[in-house]
Each structure stands twice: as structure tokens, then as C-alpha cells.
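Colleague:
Chains as they are written, first to last, in our numbering: chain A, 1044 to 1380; chain B, 1044 to 1380; chain C, 1044 to 1380; chain D, 1044 to 1380.
1) Can you tell me which of the three DSSP states residue 1126/D falls into?
2) Could you tell me which chain B residues have their CB closer than 9 Å to the CB of residue 1283/D, listed as they occur along the chain?
3) Bridge partners of residue 1282/C, per DSSP?
4) Tell me residue 1104/C's beta-bridge partners as DSSP assigns them.
5) Using a Cβ-Cβ cut-off of 8 Å, state whether residue 1116/C counts as contacting chain A.
6) Please confirm whether residue 1219/A and residue 1098/B have their CB atoms less than 8 Å apart.
7) Under the rule that 16 or more other beta-carbon atoms within 10 Å means buried, what is residue 1314/B, buried or exposed?
8) Could you give the uninterrupted runs of the alpha helix (DSSP H) lying entirely in the region 1162–1227 of chain D, keeping only those of 4 residues or more?
9) Give the straight-line distance between the Cα atoms of residue 1114/A and residue 1380/A, rounded to the nearest whole angstrom.
10) What does DSSP give as the partner residue(s) for residue 1146/D in the beta ladder?
11) Specify the secondary structure class of residue 1070/B as computed by DSSP and reduced to three states.
12) With residue 1267/D as the anchor, note down where its beta strand (DSSP E) starts and where it stops.
13) Kindly list, in the order they appear in chain A, the residues whose Cβ is closer than 7 Å to that of residue 1072/C.
14) Which stretch, first to last residue, makes up the beta strand (DSSP E) that contains residue 1337/A?
15) Of all the options 1340/B, 1356/B, 1339/B, which has the alpha carbon lying nearest to the alpha carbon of residue 1346/B?
16) Taking Cβ-Cβ distances below 8 Å as the criterion, which residues of the region 1130–1163 of chain D are in contact with chain A?
17) Please state whether the Cβ-Cβ distance between residue 1187/B and residue 1170/B is less than 8 Å.
18) Roughly how many whole angstroms lie between the Cα atoms of residue 1308/B and residue 1230/B?
19) Between the C-alpha atoms of residue 1274/A and residue 1306/D, what's the straight-line distance to the nearest angstrom?
20) Please list the partners that residue 1288/D has in chain A, where partner means a Cβ-to-Cβ separation under 8 Å.
21) Take residue 1238/A and list the residues in its own chain whose beta-carbon comes closer than 7 Å to its own, dropping the five residues that flank it on each side.
22) Can you check whether the C-beta of residue 1178/D is within less than 8 Å of a C-beta belonging to chain A?
23) Could you name the residues of chain C that residue 1253/D contacts, counting a contact when the two beta carbons are closer than 7 Å?
24) Would you mind working out which of 1157/D, 1140/D, 1179/D sits nearest residue 1195/D, comparing C-alpha positions?
25) How is residue 1277/B classed by DSSP in three states: helix, strand or coil?
26) Would you kindly report the start and end of the unbroken alpha helix (DSSP H) that includes residue 1240/C?
27) How would you label residue 1325/A, buried or exposed, when you count the other beta carbons within 10 angstroms and need 16 or more for buried?
28) Alpha carbon to alpha carbon, how far is residue 1104/D from residue 1056/D? Give it in angstroms, no decimals.
29) Could you spell out the range, first to last residue, of the alpha helix (DSSP H) harbouring residue 1316/C?
30) Between which residues of its own chain and residue 1168/D is the CB-CB distance below 6 Å, once the five residues before and five after are set aside?
31) Residue 1044/A and residue 1084/A: beta carbons closer than 8 Å?
32) Taking DSSP's pairing of strands, which residues face residue 1140/C in a bridge?
33) Quick one: give me the first and last residue of the alpha helix (DSSP H) that residue 1350/B is part of.
34) Tell me the residue span of the alpha helix (DSSP H) that contains residue 1358/D.
35) If you check the beta carbons only, do residue 1337/C and residue 1125/C fall under 8 Å apart?
36) So, using beta-carbon positions, are residue 1136/C and residue 1378/C closer together than 8 Å?
This is the structure in C-alpha cells:
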């Protein structure tokens, strides 16, 4: 940490700052410029992490040099992490595609969707059993019944299941039916749930919060890893900006950022990320070109009848066509699909 | 709802759209313009709320006319709601001030803070027992021990307690110690917790999410009211924007927006809203001038020693001075403090 | 400036960084932490301002300590600047109100508006002769004809004129008719125009760009002052955020920020800042409570017939009522109106 | 346009609204719902474009159905426009790469850069002669001298020149030296300059404003086309969001949006779009995969000595490597490079 003294700070102010730091067993280095003195602070990172110096007389501001997260950082774990989801590997040389309807609506719908996406090459079945909805009057999902359908249909087609968890009390029951527990954007900083997921044996897919910085996102993953669960993957799903043409602004530079800062895999969700069906294919291609490890795509056998998010769901035939094209992009970045 | 057909829509597309709507017992009105036909949709609001028409052939887009929330809306409840917090009334003619430290750190700190803020005119003691922190390595609060201290000290000074709830499992224990349960920005769309708070007898203060729209915020309150708890107040605490000089951008026009759209009271938090001590006083004045019903302000007896948010906490003497000034602003808008 | 070396930087990298800095006659101070070395850079501010160190091997990032602006800064000019607009003083103890229609539409409209706002207490007449409009097919203003009407009507009612300049070629003609030249949000970083305004004798009102940071705004004012024109006032008019209920998000904390960082006056525009007529009054009150020196408000004698921005314009009778109320708020912050 | 009446509107309000619309030769269609009446407005688009109805008694809000731009719209011009830049075609099957330094610093630097980028496959030389800089004390470019160097060096290597115009007075001189006139983000809504560029014979590259919506961007291009210049290309260069890890947030979904809404070509600038050298390559790949027609990339022979933006400039050897890789991505989307 660096403490920047104000131009009007007195010698006494400076002495007090140094004294306070030394009383906490931290070392200091002074740089006296023409207008300001700058104090470099060196020592135990945990003590520095909790320092609050800006209230002291003569202090203009402080600048943190190091991030607080550690386990998720590539600095501490240079090689890529590959997560084994019951045989399906995420983070390696093969791009994995998760697909299925936004919400589980019934056996027939789910089976039809699963059959189509499996045939096109998807390995993981997605579908919401618990749906976080803006309005209390919107369809809230089938709950445990939906989980059971997901498991049944996934097994039928030899697929894995990813589905969203919205309450830490549900972890146990979800572990019985799902292979990946998805933390939604609205819960990215539901810290109690993150801590509880740190004790789970299941891989966690952590979606980026609606307006989460890269740093906050990495720290959220740190909560899970600090609890002991090392199988965390990120999922970029668009951030909130002033633009209204798209539902969210899909931030593909986040893929490059995560690859630079962390060893964990990253998934991209072009369906929620854009909210517009015609954009799903180009953004899927772009995500792979940017370095994503996996995609999660909404596919509904009859999107015009969907109970939620119909206008961002692909039809099976569009998904099939997209998958055929993605192989070439994957090849261009040295991967397979 | 209005369905806008695309310029290329065929007569058959239009017939299909009308058929689908009529099959759901909705009525339609067609307006044929030079380029586009527009279909007005009339009927049961709940059915309309769940309509997904954008996947149908020939449909360009749909425009929703009405919001989904109802109980929180001023349309359905024109007069202002006044919430009685065990004798302290929020939403009426008297502006209520909640004050205290960001986090409860110990008996002495809390007592010193409470004494100071009570003397200056605050009626409600604030302080976090459970702290949602970006990093797992930051101070997470004293937990139940903190709740007990809050109750003890508030009773000593004849004050009420407002404190944050971070897990729906804590509702019962918190009801024993707190008078207002605060939902933090990160949990504004933790819908399971909102539903559970709908069953609580305690007033709830719902902070605006970091990037929540006014509409999402009202819908989040609707979750609580739909559960049966009518004592909900909003709290504007700054939104996330591109600006970095302030910690958040305090959106005081949200005060006017809430007053226009809802009958529920609104509190303003200038401490988190700006993150800078010198801004707390001007923004407190502005909040009252804009029509806020209450303020929640961080005051720490020794901000330079605070375990969190020291640089946005007022010292007791600054808080005292601010309170003296606020009376004049209150008077200018026809209120007292 | 501080140069933060990466954890993997070699001793040679560090030596090269120091050599480069010393070759530019800058001095360095090293702080060696457990993981990183930090290099403090001291010396001529102009040289430091143009330093680009992040491309050098071993450099993780750089942190700038000081802002580049100087003439606008309160550090260099502690006392408030009061701008004398031909007898009307902005930045002093009296709050000045500028009012009038969005666009000059004709003599009758302007005269009716001027009469009403003058009677209610406004001292400066606003009105656009050149209108920057999103679409080329929107009404673009009356041009020089509008300027002449503004001057004529202002003189009739003993008022001053503020109006927007959209092209640096217009400076000379505008100086003949206007008392304050307004730089609109879309031109805040039209640097050629700012430089030219630095040579003008007329006061300039610099509106904040749609997504300008406080720092960029101050630097834009620095362009004008660096040219020799010391009469610059800021105007907060709302920033662009994700919120759509209001046209922009009026950032009243910017008032406090400008007062802290600069000696120049600040005006608030609640009409464009909210885009909604019912919000103009509460936001005007809040602006004064936050410390604004002046307000600029849209008033149209017949807003339902306005050629632009009718839905944010006050009617004369509403403006009259607002002005009566503002006096009490002004008094509460020790000012008059 | 649709006029939504408020639930409290009287029959008289409705009659007045209809009368006003009919007095302007517009036709109306009423849809009476349970709570609200909705008025569909049909007729001359130009008249509707300028309607301001929200001030009328009983009107809750209005909803515009159609955008105002026309010439840039794919609706009116379904096939892709290919711009011929003196033999280099942008918008067709071949992806064009523009490359060179951020600012022209001198003959040697420019020649070294041009040689490198030409060899790697770039066809257009970029470089700023006029630099819009946040601070007046930053390097402002070499001006006409820089233009001459650009022309000279481009001719030497058989390249075309793209460079930024910052003042409409410079159009004539720039036309003598440049092949594409670039409008920077800060001038996207400098409408006087856009109008003047409508009269130019040179192709224009219109960068997206820092916080411009897709709709505003299309309307800005409409200004140029409405003046008679049909050779307009868009350039996505990142938008301003809350994220600070990257300099801007590169919005690649804008590529898909422009392709859907317009027939004009789109260029992507991954250098300014991210501000970080290691992200330029993955974002270049992603841009092509998303459907971009061209890229503009900063390359500096010695980025550690650059006078601006060194930390986002590629070294020649990195650019060479990138170009080799881009061919495979282009092939995967059916194009060449």
C-alpha cells in the first residue's frame, strides 16, 4: 500500500502516520517529492489489507498495490486448471458446450431439447429448476420436480447437468441431481451461499454479477476456494451498461482478463449476454476466438411457447447449424469442440 | 402490451399473432401504419405479463405498457405510508436520522457512538453485525454477539436498532434484537430472502442494488409486500457508474422517483452513497431537500481506528454540527427533524 | 508517479527502469516489499505527465499521484472565483437562476417566457439558437436569427443571455449577442472549440459530458483557462447510466466534488438532468442544498407546443411557485436568491 | 408513435389528444384496456418525429415505434455496402487491417512502423497528426507536418492513410493527404463537423462515442449520409462502463447489431477498446469471428518510447504473429485477410 500525504500535511502528520504503521509491525519507505510525500508500506499482507489510513490528518489518499485474492490467482498457480465434471473436462483443449432451455417446463419439452442439443454435440444439459425472476408474479420454476426431470433426461441422453442454485439451503438436494451448481448473477455476492458452496464437492459455475468488476468476481471465487472447493469456473453473461439495444453488454475482454489473472476456466453465455436470438451465433464464435473454454446456450424446442426468455432461445435447427460452424473457429485457435 | 409487426410481416404472420392472442382470451386492436402494423393487446394483466411474442414470425418487438408491481404502487395506494418502528415514525412529517458505526466492533466503541449520535438527535442506532465484504479475508462482523451489543446499547440510550441481514436463516434471531431489518445492496435480488422477509413482523429497509433500476427495486419490494409484510422502506445508497472519484453515484432523483411511483418511505445513505467524508454533509442536506423521509449516516467515535469504511465515517463533532444545520433544510421543505 | 514492478521482474528490469527515469532527470525511491518492488518517481511534473512506463519489461502498472490540471484547481487558487456577467455575479452569496425555453422558436414565445421568468426572479435568459440534435431531421434551431431575438428580448426585460455554441467559427457572432457562451455536453471535449474559447472575453459555461469523469471535466476547463479566459463555470446536467426512468442521472455529488477540487462556480441543470417535469422542483431544491451557485431551468409558456424537450419544461406558474420555495432553501445554506 | 394515457385521464383529456393529432393531419387508433387507453398514431413520419405529447393533460408517456434514421438503415438498403478506398475494399469478403502508431512522431518512427505493418499484411496506415488529449499539457500531435509524413510514408509502401480529423476547418487540408477521415469518439456528435463531412468526397470512419447508444451512432452516420457522402464506415472502439481493468469495454455485440440494422461496414479497434497490449490479439480474433469487416490496430516500433498510448501498442513482431493467426479465423467465417 502507498499512503499519499496531502501538500498541506505537516511534519507531525507524517510522523503520526509512520508511527501508526510501525505500531502495527509494518515497515515504511518515504519518498519526498516537490509537493507531496509518499509513504510506501511493507509487511504482512493481511494486516495491510485491513488498514484504514484515510482518516488520519494529512493523508490525501491511499493506493492499494496488491489484490486480496490469492487462491484464484495465476500468480500462485501458473498452469491452467482443468475441471473434471464426471468425465467431461472443462478448461482443457476441448471446448465444451452446455445447452438446453432457460427453464425446465416439463418432461416433454426437456426431452425434446436434450435430444436436439445432444445430437448437435452439447455434452451438458442446462435448465433452470429455480428461477430468480424480477417480479414475484413471474414463473418461478418447478423446484425439486425440475431437478428430477433434469437428472432423468440427462441420464437418458448420457449428459451432465448444470442448473442454478438460489438458496444455500438447497445445496444438499441439488448435489443429488446436478453435476455443476450455477451461481447466478444476482447471487454473485451472496457471500453466505458462496461460503457454503466452498464445502460442496460439486463444481461451481460462478456467473459475473450484473455490474461486478473483474476484481470483485475473482474475490467472489476466492470465497468458494477458501472454503476448500477448488472446482470453480467463471461465466461471463454480460454486464449492465447504458446500452438498451441488447439486454446486457457481453464483455468478451473479460475472457482475456480472466485468462491473464486466473488459472480457472471461463464459460461464456451469449444468450443472456445479448438477449437477442440473431446475436447468439456471432457472439458464440467470438467467445471461442477470444479464448473461452465453454459456452452455455439457451435452446428451446418451441421458443415461441417458452415460459421465459423465448426471444433469446435458439431453435434446435439453428443450434445444430451453429455447432457445425464452431468447430472451425475452435480449430483456428488450436482447440477442438 | 403492444406488438409491433415488422415492415416485412405477411398477412399470415399477422393472423397468427392475433390468433395466438385470442387463444389466450386476450383482445386485440390493430393500427395499420404506412410501414408497420401495430397490435394493441388488452385483457388479464397476469396473462399479459407472461406473454413472449417476440419469437413469432413477423414480430419486430413488443412494448410493455404497465409495470408488474402493484402493492408498492402509488396508483393502488395514493396516500403515503408511515411506518411505526416501535414508536419512531418513518414517512411522516418528521425526518428520522439513523446513525452509528459501519460495523459493531465492541461495547465501548458502540456505546461511545450511540451516546454521541443520540445527543445530536438520531433516534435509530445503526451498526453491522454481519458484514458482507468483497474479500473473504476482510473483517466479517461479530455476528450474534454484535446483535446483542446493538440491542443493549440501543436500550441504554432509548434508541431503535437497524442492522443488516445477510442470510434468510438469520431472520428469527435478528427479530429478537433488531427493530428494522436492512437488506443490503448485494442482496436486493436475493429473492428467497425477500420472500422470507415477507413473513416477518419487522419493518424492512431495502437498499437499492448496485445497478438496480427503479423498476427492479420496486419489484423487489413487491416480493416482500406480496408475502404480507407491509412495512417496507427504500434506501438509496448510490449506484455504480463509470465515475471513480466517488465510491458510488448517489442518485437523489431516485427520491423523487420513489415518491412519484410508490407510497412507501425512502431513506438516503450519503455515507455509502459517496464514500467520502466531506461529501456527507452536503448530500444529507440535498437528500432532505429532495424529499427523503430519513437519513442513515455512518458515525464512528474514532474513524481512524475503524475496522471498515473509516474514510466515509463522520466524527461525532461533525455529526453534531450537521444535525444542527439539517433542521433548517427540513423547515424549508415543511418538515421537522 | 509510482511504478509497480511485477513479482517476476528481474534485477535487470529494475535497473533499466531506474536508468530510464534518471535519463529524464527524474529521481527515484525504491521500496522493496516481500513480493514487489515499488519505484517512487520525483521531479518535473510535465515530464512525469508524459511518462509511459508500462511497456518496459518487468513493469506491472503505474499509478499517477497528481492530476494534470492546475489553473482550475483549488490547490493553486484557494478562494472561490466569482464571475461577473455584466453585473450579475455567479459564485458568490447570491444564487442566480437562468431560465427560458429549450429552443428559441419565435419572438412571441421568447417574450412570453422572458416576462414570466423575469417576474419570478430569474436574471439570465436561456434559449437555444443552435440546437445539437441526435437526428439530422430534428429542428436544428433558428441560428443567428435566434441570437438576435435572445438579445432583443433580454434587453427588453433587463436580463443577460446564456446560449449554446456548437461551432468554434460562431464565437465572434455569438459574442455580439450572448453574455455567457454555453458549451454543451456533446462538445465538452471538442478541444479545438475549447482552445478558441480560451481567447474569448465572454464567460463560458461548460456542461459536463454525457459520461465525463470529474477529472476529465476539470481538464476540459483547464483548456479554456490555459488560453487566458478565467471566467469558466461548470454545469452539471446529468450523466449517462443504466437507469432509463430518468433521461440522465443528475449527479449532485459532483457539486460537492467541484467545490472541493476547484475554485470555479457550478451551475445545475435539473431539466436535462432528469428529463421529467415533476422532478425539476425537488432537484432544484436539492442542488441548492448541495451547494450549487446557480440553476438553469427550462420554462416554456406552452410546453405542449414546444418544438423540443416539452416534457421537461416547467410552465410559468410552476416556475413561479418553485422560485418562491427556493428562497427558503437558500437561506438554510446561508445564501440568498 | 403510441400515446399511453394515464389511468386517471378523463374523457376530455382523450378528446384533446385526438384533436391535437388530427389537427396535424395524423390519424389515430384507440385501444381501451381495463386501466388505460392507448392511442396509436399514424401518418407522416417527419411530423411524428417532432411530436411532443407528454405535456398534454392525461398523457402518461409516449413510445416511439420507428427510428429516425433512414439512409443508413438496412431496411432501405438490404445489400451490404462495400467502400472502395482508392482500390482497397472495405465491407466485402476480404478483411482489411489498418495499422500504425497512435501518433505520428517523426519520419523514422513512421517509416519503421509502416514497413513492419505492410510486411505483415496491413493495407492502410494509421497514425494521428491531430491528437485530442484529455489535458492541454499532453502532446497534441504534429499537425499538417504529421499529415505530410503519413502521405509520404504511405506512398513509399503503397498503403492508404486513415487519420483523425478534429476540426471541420481541417477537412480541405486533410483531403489532400488522407484516404479515410476518422471521426473520433469525442466528436461523434460534433454535428457541425458531421454535416461538413457529408460534403466531402473522402470515406469517413465514424468511431462510436464513449457512451453512445447504437441508435445515436446510426443517427450520427445519418448526418453524414444526409449530406451526400455515402462512404461511411463505423468503428467500435469500446464504451465507457464501470469496469476499470480495461480502458474501455469493447462491445463486440455492436458488430452484430450494426450488421443487423445497417448496410454499412464496421471496423473494430481492439487497441483503444481494451487499452492493454495482451488483449489486442484475442480481441482481434473475436472481432473477426463476430463479423467485423476490418481492424485498426496500434503498432509502434518502440512502444516503450511512444509519446502516447504505449501500453496498448503492439510491437512489430507481435503484430506479425497476430496477422498470421487471423487468416485462420477469417477462413472459419468464410472470409480472407
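For glycine and all other residues, C-beta sits at the position ideal for the given N, C-alpha and C.
Modeller: Walking through what the data contain:
1) Note: residue 1126/D maps to strand in three-state DSSP.
2) Residues of chain B whose Cβ lies closer than 9 Å to the Cβ of residue 1283/D are, in chain order, 1285.
3) In DSSP, residue 1282/C forms a bridge with 1292/C.
4) Residue 1104/C has 1047/C as its beta-bridge partners, per DSSP.
5) Output row for residue 1116/C: interface = no.
6) A distance of 8 Å or more separates the beta carbons of residue 1219/A and residue 1098/B.
7) By the 10 Å Cβ count, residue 1314/B comes out buried.
8) The alpha helix (DSSP H) runs of length 4 or more contained entirely in the region 1162–1227 of chain D are, from start to end of the chain, 1187–1199, 1214–1220.
9) Cα-Cα distance, rounded: 29 Å.
10) Beta-bridge analysis with DSSP links residue 1146/D to 1171/D.
11) Residue state for residue 1070/B is assigned as strand, using DSSP reduced to three classes.
12) Segment 1257–1269 is the alpha helix (DSSP H) holding residue 1267/D; no beta strand (DSSP E) there.
13) By Cβ distance, chain A contributes 1072, 1074.
14) 1337–1341 is the extent of the beta strand (DSSP E) around residue 1337/A.
15) With distances taken between Cα atoms, residue 1346/B lies closest to 1356/B.
16) Residues passing the 8 Å Cβ filter: none.
17) It is not a contact, given that the beta carbons lie outside the stated cut-off.
18) Their Cα atoms are separated by approximately 19 Å.
19) Their backbone Cα atoms lie some 45 Å apart in a straight line.
20) Here the neighbours are 1256, 1257, 1258, 1300.
21) The answer, listed in chain order, is 1266, 1270.
22) Residue 1178/D does not count as touching chain A.
23) Under a criterion of Cβ atoms nearer than 7 Å, the residues of chain C adjacent to residue 1253/D are, in order, 1254.
24) Considering only alpha carbons, the answer is 1157/D.
25) Reduced to three states, the DSSP call for residue 1277/B is strand.
26) Boundaries of the alpha helix (DSSP H) harbouring residue 1240/C: 1234–1240, taken from the DSSP string.
27) Counting Cβ neighbours within 10 Å, residue 1325/A comes out buried, since at least 16 surround it.
28) Answer to the nearest angstrom: the Cα atoms are 14 Å apart.
29) First-last of the alpha helix (DSSP H) with residue 1316/C: 1313–1317.
30) So the qualifying residues of the chain are 1143, 1157, 1197, 1202, 1204.
31) Contact: yes.
32) Answer is 1338/C.
33) From DSSP, residue 1350/B is part of no alpha helix (DSSP H); its letter is neither H nor E.
34) Looking at the DSSP string, residue 1358/D is not in any alpha helix (DSSP H), and its letter there is neither H nor E.
35) Not closer than 8 Å, so no.
36) Contact flag set, yes.
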